[in-house]
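Letter by letter, the sequence shown follows residues 1 to 307 of UniProt numbering.
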Amino acid sequence: MKLAILSRNAKLYSTQRLVEAARERRHTVRVLDPLRCYLSIAPGKFHMRYKGKELSGIHAVIPRIGASVSFYGTAVLRQFELMGSYSPNPSDAILRSRDKLRCHQMLAGEGLGLPLTVFGDNPDDTTDLLGMLGKPPHVIKLNEGTQGAGVILAETASASRSVTEAFRGLYANFLVQEFVSEAKGADLRCFVVGDQVVAAMRRQAGEGEFRSNLHRGGTATAVALDEAETATALRAARVMGLGVAGVDLLKSKKGPLVLEVNSSPGLEGIEGATGVDVAGAIIDYTVAGVRRPARAPSRRRSALTKA
Ligand SMILES: Nc1ncnc2c1ncn2[C@@H]1O[C@H](COP(=O)(O)OP(=O)(O)OP(=O)(O)O)[C@@H](O)[C@H]1O
Ligand SMILES: [Mg+2]
Ligand SMILES: [Mg+2]
1 MKLAILSRNA
11 KLYSTQRLVE
21 AARERRHTVR
31 VLDPLRCYLS
41 IAPGKFHMRY
51 KGKELSGIHA
61 VIPRIGASVS
71 FYGTAVLRQF
81 ELMGSYSPNP
91 SDAILRSRDK
101 LRCHQMLAGE
111 GLGLPLTVFG
121 DNPDDTTDLL
131 GMLGKPPHVI
141 KLNEGTQGAG
151 VILAETASAS
161 RSVTEAFRGL
171 YANFLVQEFV
181 SEAKGADLRC
191 FVVGDQVVAA
201 MRRQAGEGEF
211 RSNLHRGGTA
221 TAVALDEAET
231 ATALRAARVM
241 GLGVAGVDLL
251 KSKKGPLVLE
261 VNSSPGLEGI
271 EGATGVDVAG
281 AIIDYTVAGV
291 RRPARAPSRR
301 RSALTKA
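Here's what the structure looks like:
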């Protein structure tokens, strides 16, 4: 089968592992920088070129689109979909999950647990808005932050108010949440591929830190999820429409709470902590998706030759 990995950097661990896993399974694979893909759109005719050459006949695309190139990257992925390529994570699902507020609204709409979250625009409403959350500590986070950057713990009401005002002054989109103290600085990264959690790790924040992200010095250990955690992770990925997802959960008195659903979860931390061949699972799931016509996102998929 002819596969492409949409990634800005072929040297990244995740990209390299996907290439390796595809080649082990005897597929043809290439890495395409989404920013070097350019396209033309005409009624019923979709073309894409890469460094001067036409791209065609790619059965599946595995998107690894960084947050900084969400707009262009998903436009390129959408073009691939229109040209008949399958993607385990459709462009629309990626865009939905990038927006934490929208993600929370969709998950809560399906009854999934999440930290109580508030969102508002006018400074005149700040006091009442924060009052809806209850007593601090509060967590204030940028709507489209990643790797824990832009996630702030405000321990007092005045800190909470002043951070809210500062973000607003910067015209940033952000949301404010109750701080889930029972999580004790740990979260669960559940790696979902299709209808399975193929690997899971517990990330513990370093000393003096509440964010458990590995990029913020957190440490990871393999963990066996309980039934409720597994079911929550699978449902969260399904609600967002993602075949491949990193679902972050916090353990709480109320059961597992979803923090976010990542559409390009990194492979290095999870493969390192668990020893699971996550890249292989993603390739197998993608190839199965191409072969399952009923599940393909695009009707034009049949235009491609069967592999
Ligand atoms: N409401 C909360 N209560 C307790 N801890 C929280 C809360 N929100 C976030 N955290 C901690 O901060 C970390 C980063 O938050 P979050 O996952 O929302 O941000 P992110 O920047 O999108 O990270 P990622 O790199 O996983 O995409 C979480 O993994 C968790 O450890
Ligand atoms: Mg995130
Ligand atoms: Mg996170």
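Don't be surprised by glycine CBs; every beta carbon is placed ideally from N, CA and C. Treat the numbers as computed from the prediction; the structure is a model and nothing was measured.
From residue i to residue j, what distance separates their C-alpha atoms?
{"i": "residue 19", "j": "residue 8", "result": "14 Å"}
{"i": "residue 99", "j": "residue 24", "result": "35 Å"}
{"i": "residue 105", "j": "residue 258", "result": "12 Å"}
{"i": "residue 207", "j": "residue 239", "result": "35 Å"}
{"i": "residue 221", "j": "residue 286", "result": "27 Å"}
{"i": "residue 117", "j": "residue 22", "result": "40 Å"}
{"i": "residue 278", "j": "residue 11", "result": "18 Å"}
{"i": "residue 188", "j": "residue 42", "result": "45 Å"}
{"i": "residue 77", "j": "residue 91", "result": "6 Å"}
{"i": "residue 204", "j": "residue 181", "result": "13 Å"}
{"i": "residue 232", "j": "residue 269", "result": "21 Å"}
{"i": "residue 234", "j": "residue 74", "result": "23 Å"}
{"i": "residue 126", "j": "residue 109", "result": "25 Å"}
{"i": "residue 209", "j": "residue 36", "result": "39 Å"}
{"i": "residue 225", "j": "residue 200", "result": "7 Å"}
{"i": "residue 178", "j": "residue 135", "result": "8 Å"}
{"i": "residue 102", "j": "residue 27", "result": "36 Å"}
{"i": "residue 292", "j": "residue 169", "result": "49 Å"}
{"i": "residue 6", "j": "residue 280", "result": "17 Å"}
{"i": "residue 129", "j": "residue 227", "result": "35 Å"}
{"i": "residue 119", "j": "residue 51", "result": "43 Å"}
{"i": "residue 173", "j": "residue 164", "result": "10 Å"}
{"i": "residue 241", "j": "residue 264", "result": "13 Å"}
{"i": "residue 284", "j": "residue 111", "result": "31 Å"}
{"i": "residue 249", "j": "residue 44", "result": "42 Å"}
{"i": "residue 17", "j": "residue 85", "result": "21 Å"}
{"i": "residue 68", "j": "residue 81", "result": "21 Å"}
{"i": "residue 59", "j": "residue 160", "result": "49 Å"}
{"i": "residue 298", "j": "residue 30", "result": "In this prediction, residue 298 scores a pLDDT of 46, lower than 50, which makes its location untrustworthy; the coordinate-derived value is nonetheless stated afterwards. Answer to the nearest angstrom: the Cα atoms are 22 Å apart."}
{"i": "residue 156", "j": "residue 133", "result": "13 Å"}
{"i": "residue 32", "j": "residue 144", "result": "24 Å"}
{"i": "residue 13", "j": "residue 252", "result": "32 Å"}
{"i": "residue 186", "j": "residue 79", "result": "39 Å"}
Exposed or buried, which one is residue i when buried takes at least 16 other CB atoms within 10 Å?
{"i": "residue 123", "result": "exposed"}
{"i": "residue 1", "result": "buried"}
{"i": "residue 196", "result": "exposed"}
{"i": "residue 138", "result": "buried"}
{"i": "residue 266", "result": "buried"}
{"i": "residue 302", "result": "Residue confidence is low: residue 302 scores 41 on pLDDT, short of 50, so the model does not pin down where it sits. No coordinate-derived value is stated."}
{"i": "residue 53", "result": "exposed"}
Got a sec: does ligand 3 put a non-hydrogen atom nearer than 7 Å to the Cβ of residue i?
{"i": "residue 143", "result": "no"}
{"i": "residue 229", "result": "no"}
{"i": "residue 259", "result": "yes"}
{"i": "residue 99", "result": "no"}
{"i": "residue 33", "result": "no"}
{"i": "residue 248", "result": "yes"}
Could you check which residue in the options has the C-alpha nearest to that of residue i?
{"i": "residue 261", "options": "73, 146 and 181", "result": "146"}
{"i": "residue 149", "options": "156, 155 and 141", "result": "141"}
{"i": "residue 193", "options": "54, 131, 289 and 51", "result": "289"}
{"i": "residue 212", "options": "153, 136 and 101", "result": "153"}
{"i": "residue 61", "options": "39, 151 and 87", "result": "87"}
{"i": "residue 254", "options": "72, 173, 216 and 183", "result": "183"}
{"i": "residue 273", "options": "198, 229 and 251", "result": "198"}
{"i": "residue 131", "options": "115, 223 and 176", "result": "176"}
{"i": "residue 247", "options": "53, 190, 158 and 29", "result": "190"}
{"i": "residue 71", "options": "85, 97 and 54", "result": "97"}
{"i": "residue 40", "options": "55, 93 and 251", "result": "55"}
{"i": "residue 66", "options": "15, 256 and 237", "result": "15"}
{"i": "residue 167", "options": "156, 151, 53 and 157", "result": "151"}
{"i": "residue 3", "options": "63, 155, 13 and 245", "result": "63"}
{"i": "residue 219", "options": "229, 202 and 230", "result": "202"}
{"i": "residue 89", "options": "244, 256, 252 and 38", "result": "244"}
Following a CB-centred definition, is residue i positioned closer than 7 Å to any heavy atom of ligand 1?
{"i": "residue 115", "result": "yes"}
{"i": "residue 164", "result": "no"}
{"i": "residue 177", "result": "yes"}
{"i": "residue 149", "result": "yes"}
{"i": "residue 146", "result": "yes"}
{"i": "residue 262", "result": "yes"}
{"i": "residue 223", "result": "no"}
{"i": "residue 233", "result": "no"}
{"i": "residue 273", "result": "no"}
{"i": "residue 205", "result": "yes"}
{"i": "residue 183", "result": "yes"}
{"i": "residue 192", "result": "no"}
With respect to 7 Å, is the separation between the Cβ of residue i and the closest non-hydrogen atom of ligand 4 below this value?
{"i": "residue 211", "result": "Absence of ligand 4 is noted for the structure shown, with ligand 1, ligand 2 and ligand 3 being the only ligands found."}
*What are the complete alpha helix (DSSP H) segments, minimum 4 residues, inside the region 11 to 65?*
13 to 24
*Hey, which unbroken runs of the beta strand (DSSP E) at 3 residues or more fall wholly within the region 132 to 187?*
138 to 142, 151 to 154 and 174 to 178
*At which residue ranges does the region 255 to 282 contain complete beta strand (DSSP E) runs of 3 or more residues, listed in the order of the chain?*
257 to 262
*Note down, one range per segment and in chain order, each beta strand (DSSP E) of at least 3 residues found wholly within the region 176 to 253.*
186 to 193, 196 to 204, 219 to 222 and 244 to 250
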